[in-house]
């Protein structure tokens, strides 16, 4: 796809990085995941030279840490951020669903929708579809941090990570004994505080609503998942068509899709940004704040608030 420079200034005070959507290329390799819905392409080279420089996330302190490790690295001498994913345990994931829900999904669907690596592939596949549909129209600017494709980490590179960073936990099961670690190559954006200007907050909200409009629901809207005002993590995102949303009861489906709106408002308040910009619509009190709809395990309890936003009651799936 053609390069698209961001039509706005960086939402951070730093302008050291340049934002651009990946250029068109002939990709050699499988589009992932194999289940129905959007898919994502391999990185431009299948076995690039990678020099891991800095571990960017704290694995034990964040949701992303449970999914894998994020590094600043040189890939064929160019700086990128690389997210390396732990292996996915489908049996553990299936335990989150009631038997009646599991009966409505194949294992391939469930893995293709909820494995964090595949969840990000689906989200970025849909985002690329969005950019392609915008060709010849008004430039929409970036709506998320650019991702340039997936690749596999070699056994030698995995051993180097263990020696250099002490990383040995990949959640590798017997079924993964001969499987290489999967990774996504993204634009490296410095970790700086979110720009507190109202214009910047409005643009972030506009991006989030655009993601919703094209059927991508990040469900992890926290300051730690933004760089330069752009969402960088889609590891628990649901992207239409979603088997997870399909099996949820109707009364639960919409709040689950749009809980990001309340979370966005919470994030702005927690950052102490003084603005009247709000994501959640007052007429929908169930998603007014993140606390309005707290999801536990899918098989266990959801919390529902009444219209006052004060009285909670458990709602079983």
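Numbering (UniProt numbering), first residue to last: 1 to 317. Each residue gets a CB set at the ideal place from its N, CA and C atoms; glycine is no exception. Here the structure is a predicted model, which means the values were calculated and not measured.
{"query": "Three CB pairs or more closer than 8 angstroms across the segment 122 to 139 and the segment 221 to 230", "result": "no"}
{"query": "Nonlocal neighbours in the same chain, by C-beta distance under 6 angstroms from residue 144, ignoring five residues either side", "result": "127, 230 and 231"}
{"query": "Beta-carbon proximity of residue 194 to residue 271, cut-off 9 angstroms", "result": "yes"}
{"query": "Where residue 243 falls: helix, strand or coil (DSSP)", "result": "helix"}
{"query": "Simplified DSSP state of residue 54, which is helix, strand or coil", "result": "strand"}
{"query": "Best match in 46, 77, 94 and 78 for proximity to residue 320 [C-alpha to C-alpha]", "result": "Because the chain is modelled from 1 through 317, residue 320 falls outside the range shown and cannot be assessed."}
{"query": "CB contact flag (residue 88, residue 120, <9 angstroms)", "result": "no"}
{"query": "Residue environment, residue 249, which counts as buried when at least 16 other CB atoms sit within 10 Å", "result": "exposed"}
{"query": "Sub-9 angstroms separation of residue 150 and residue 42 beta-carbons", "result": "yes"}
{"query": "First and last residue of the uninterrupted alpha helix (DSSP H) at residue 161", "result": "155 to 165"}
{"query": "Residue 275 and residue 201 closer than 9 angstroms at C-beta", "result": "yes"}
{"query": "Reduced DSSP category for residue 235 - H, G, I as helix; E, B as strand; rest coil", "result": "coil"}
{"query": "Delimiting residues of the beta strand (DSSP E) encompassing residue 185", "result": "181 to 186"}
{"query": "Span separating the alpha-carbon of residue 157 from that of residue 113", "result": "28 angstroms"}
{"query": "Nearest to residue 234 (by Cα), restricted to the options 153, 115 and 78", "result": "115"}
{"query": "Span of the alpha helix (DSSP H) around residue 117", "result": "116 to 133"}
{"query": "For residue 97, the three-state DSSP class (helix, strand or coil)", "result": "coil"}
{"query": "Enclosing alpha helix (DSSP H) for residue 82 [first to last residue]", "result": "Not the alpha helix (DSSP H): residue 82 falls in the beta strand (DSSP E), residues 78 to 85."}
{"query": "Extent of the continuous alpha helix (DSSP H) run through residue 211", "result": "198 to 213"}
{"query": "Secondary structure of residue 261, DSSP reduced to three states", "result": "helix"}
{"query": "Endpoints, beta strand (DSSP E) assigned at residue 72", "result": "68 to 75"}
{"query": "DSSP-derived helix/strand/coil call for residue 172", "result": "coil"}
{"query": "Reduced DSSP secondary structure (H/G/I, E/B, other) of residue 140", "result": "coil"}
{"query": "Residue environment, residue 168, which counts as buried when at least 16 other CB atoms sit within 10 Å", "result": "exposed"}
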